[in-house]
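Asks:
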Amino acid sequence: MLTRSALLYLSNQEGLKEFATRFRLFKKLTTRFIAGENIEEAVNAIREVNARGCSASFDHLNESVTSIAETEAEVREYLEVLARIDETGIDSNVSIKLTQFGLEIDPELAYRNARRVVEDAARRGNFVRIDMEASNVTQATLDVFKRLRAEFGLNDVGIVLQSYLYRTMDDARALLQIPARIRICKGAYNEPPEVAYPDKKDVDHNYVRVMQLLLGSGVYHGIATHDPKMIDATINFAQKEGIGKEAFEFQMLYGIRRDLQEQLARDGYRMRVYVPYGKHWYPYFMRRLAGRLANVWFVLKNVWK
Ligand SMILES: Cc1cc2nc3c(=O)[nH]c(=O)nc-3n(C[C@H](O)[C@H](O)[C@H](O)COP(=O)(O)OP(=O)(O)OC[C@H]3O[C@@H](n4cnc5c(N)ncnc54)[C@H](O)[C@@H]3O)c2cc1C
């Protein structure tokens, strides 16, 4: 039987990645979650997202990069994205992954590469969010983020925390001392019980605790979830504490719960949609399948259509 952890295991298999990305059929199946292969397709998707009352965040898909030349190409891609945001006037910031910039080659390289993107974004008055990846790079990601945050402003660069990790509440408290803008999400990787809550109800409980800490801090944070229970908890807490709708933003992924995205935007909440694009879609796509097993059947049904 296909389980969440089986799909997450498959998301890391290089052979399958090669196989899947070579076939057009697979690519067609990804269009629900992935906005296209190049910047222009992503710009068009973001125009539609903006027209629905939501802001966006570009994500050029790539991770675990092992060649220095490829990390350089990633930096250039993001510099082009930032320029296109200014040229087109679309409402979007950018999300990056440090393993895309070489974190697993050399943390210093990832820092230098990320710094070039953050510097350009800061100059343009834009914002860079550093995604959080698997737990083997959590500390290294936080270390690079803290160095960047020491050099750039609160509104230039932000970070992500995952409520499935035991360490997250402590990380959130420490980051708020700086302070830092945080996106809280549940976490999308296959983590062992030594580092992460195995039970979903504990992940959800921790999510609510961290969300409350963030909202109470007075800093502008991102509440990233499609879970109506997490969204209701956020709205109720904000109302109870007299925290305004403009003091935080909800965030969701491209292609997931569009109805809820539009509803929240209509209700006057700030809603940001994370828009992934690019050729290296395989691990991201598999994590989305793992996020909801019904998606596997949705995809398989379309193979036979
Ligand atoms: C903007 C944004 C940025 C993110 N950044 C990161 C990051 O940097 N690092 C990281 O580890 N994770 C990241 N994630 C992923 C996150 O950790 C979760 O894996 C993902 O959001 C699913 O959790 P959930 O809060 O939606 O709740 P869940 O309990 O997983 O889902 C609640 C409900 O949401 C809907 N839903 C959720 N996922 C799917 C799906 N794949 N397809 C269809 N419906 C779905 C279903 O209706 C489901 O019942 C991000 C998520 C968002 C929204």
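Numbering (the numbering used here), first residue to last: 2 to 306. Cβ atoms here follow ideal geometry from the backbone N, Cα and C, with glycine treated the same way.
1. If you count every other CB in all the chains shown that lies within 10 Å of the CB of A151, and 16 or more means buried, which is it?
2. Please report the straight-line C-alpha distance between A84 and N51, rounded to a whole angstrom.
3. So for A151, helix, strand or coil by DSSP?
4. With 16 as the cutoff for other CB atoms within 10 Å, does W298 come out buried or exposed?
5. Is it buried or exposed, E195, if we count other Cβ atoms within 10 angstroms and call 16 or more buried?
6. Where E262 and A57 are concerned, what is the direct C-alpha to C-alpha distance, given to the nearest angstrom?
7. Let me know the secondary structure DSSP gives P277 once reduced to three states.
8. Quick one: is H61 buried, meaning 16 or more other Cβ sit within 10 Å of its Cβ, or exposed?
9. Indicate the three-state DSSP secondary structure (helix, strand or coil) for E71 in the structure shown.
10. Whole angstroms are fine: how far does the CA of F286 sit from the CA of Q213?
11. Compare the beta carbon distance of I232 and F249 with 8 Å and say whether it is the shorter of the two.
12. So who's on the other strand from A57, going by DSSP bridges?
13. With DSSP as the reference, label K306 as helix, strand or coil.
14. Considering only their Cβ atoms, is the gap separating H227 from I257 smaller than 8 Å?
15. Give the straight-line distance between the Cα atoms of D172 and D132, rounded to the nearest whole angstrom.
16. Do V129 and V118 have their CB atoms nearer than 8 Å?
17. Does the distance from the CB of M272 to the CB of F251 come in under 8 Å?
18. Check the DSSP bridge columns for L290 and list the partner residues they point to.
19. Give every residue of the same chain whose Cβ lies closer than 8 Å to the Cβ of V276, excluding the five residues on either side of it in the sequence, and list them in chain order.
20. Looking at the structure shown, is I185 part of a helix, part of a strand, or coil, going by DSSP?
21. Determine whether the beta carbon atoms of G103 and I69 lie at a separation below 8 Å.
22. With distances taken from CA atoms, which of E19, R288, R124 is nearest N156?
23. Is M212 helix, strand or coil when you go by DSSP?
24. Using the rule of at least 16 other Cβ atoms within 10 Å of the residue's Cβ for burial, across every protein chain shown, is K306 buried or exposed?
25. So does K202 have its beta carbon nearer than 7 Å to some heavy atom of ligand 1?
Replies: Taking the structure as given:
1. One-based indexing of the sequence shown puts residue 151 at position 150. Classification of A151: exposed, given that the 10 Å Cβ count is below 16.
2. Position 83 of the sequence shown, counted from the first residue, corresponds to residue 84. Position 50 of the sequence shown, counted from the first residue, corresponds to residue 51. Spanning the two alpha carbons is a distance of roughly 18 Å.
3. On the sequence shown, residue 151 is found 150 positions in, with the first residue counted as 1. Looking at A151 - three-state DSSP - the assignment turns out to be helix.
4. Locating residue 298 in the sequence shown gives position 297, where the first residue counts as 1. Exposed: under 16 other Cβ atoms inside 10 Å.
5. The residue you call residue 195 lines up with position 194 of the sequence shown. Exposed, by the Cβ-count rule.
6. To locate residue 262, count along the sequence shown from 1; it is residue 261. To locate residue 57, count along the sequence shown from 1; it is residue 56. First, the residue type needs correcting, since residue 262 is Gln and not Glu in the sequence shown. Going from the Cα of Q262 to the Cα of A57 covers about 12 Å.
7. One-based indexing of the sequence shown puts residue 277 at position 276. P277 falls in the strand class under three-state DSSP.
8. On the sequence shown, residue 61 is found 60 positions in, with the first residue counted as 1. With 16 or more Cβ atoms within 10 Å of its Cβ, H61 is classed as buried.
9. Counting from 1 along the sequence shown, the entry for residue 71 is found at position 70. It is helical.
10. For the purposes of this step, residue 213 is taken as the residue at position 212 of the sequence shown. For the purposes of this step, residue 286 is taken as the residue at position 285 of the sequence shown. Cα to Cα, the separation comes out at about 30 Å.
11. Here residue 232 refers to the residue found at position 231 of the sequence shown. Here residue 249 refers to the residue found at position 248 of the sequence shown. In this structure, F249 does not lie closer than 8 Å to I232 by Cβ.
12. The count along the sequence shown starts at 1 and reaches residue 57 at position 56. In DSSP, A57 forms a bridge with S93, V274.
13. In the sequence shown, the residue the question calls residue 306 occupies position 305. No answer about K306 holds up, because its pLDDT of 49 lies below 50 and its placement is not dependable.
14. Numbered from its first residue, the sequence shown carries residue 257 at position 256. Numbered from its first residue, the sequence shown carries residue 227 at position 226. The answer is yes: Cβ separation under 8 Å.
15. Your numbering for residue 172 matches position 171 in the sequence shown. Your numbering for residue 132 matches position 131 in the sequence shown. The straight-line gap from Cα to Cα measures roughly 15 Å.
16. Working through the sequence shown from its first residue, we reach residue 129 at position 128. Working through the sequence shown from its first residue, we reach residue 118 at position 117. It is a contact, given that the beta carbons lie within the stated cut-off.
17. As a first step, residue 272 must be located in the sequence shown, where it is residue number 271. As a first step, residue 251 must be located in the sequence shown, where it is residue number 250. Going by C-beta atoms, M272 is nearer than 8 Å to F251.
18. In the sequence shown, residue 290 corresponds to position 289, counting from 1. Per DSSP, none; premise fails for L290.
19. In the sequence shown, the residue the question calls residue 276 occupies position 275. Excluding residues within five positions, the ones whose Cβ falls inside 8 Å are A36, A43, A46, I47, V50, A57, S58, F59, D60, S93, Y255.
20. In the sequence shown, the residue the question calls residue 185 occupies position 184. In this structure, I185 counts as strand in the three-state DSSP scheme.
21. For the purposes of this step, residue 103 is identified with residue 102 of the sequence shown, where counting begins at 1. For the purposes of this step, residue 69 is identified with residue 68 of the sequence shown, where counting begins at 1. Yes. Within cutoff.
22. On the sequence shown, residue 156 is found 155 positions in, with the first residue counted as 1. Nearest of E19, R288, R124 to N156, Cα basis: R124.
23. As a working note, residue 212 is residue 211 in the sequence shown. Note: M212 maps to helix in three-state DSSP.
24. Here the question's residue 306 lines up with position 305 in the sequence shown. Its pLDDT being 49, under 50, K306 is placed unreliably in this model, and the value from its coordinates should be taken loosely. Its Cβ having fewer than 16 others within 10 Å, K306 is exposed.
25. On the sequence shown, position 201 is the one that residue 202 refers to. No, since every heavy atom of ligand 1 falls outside the 7 Å radius drawn around the Cβ of K202.
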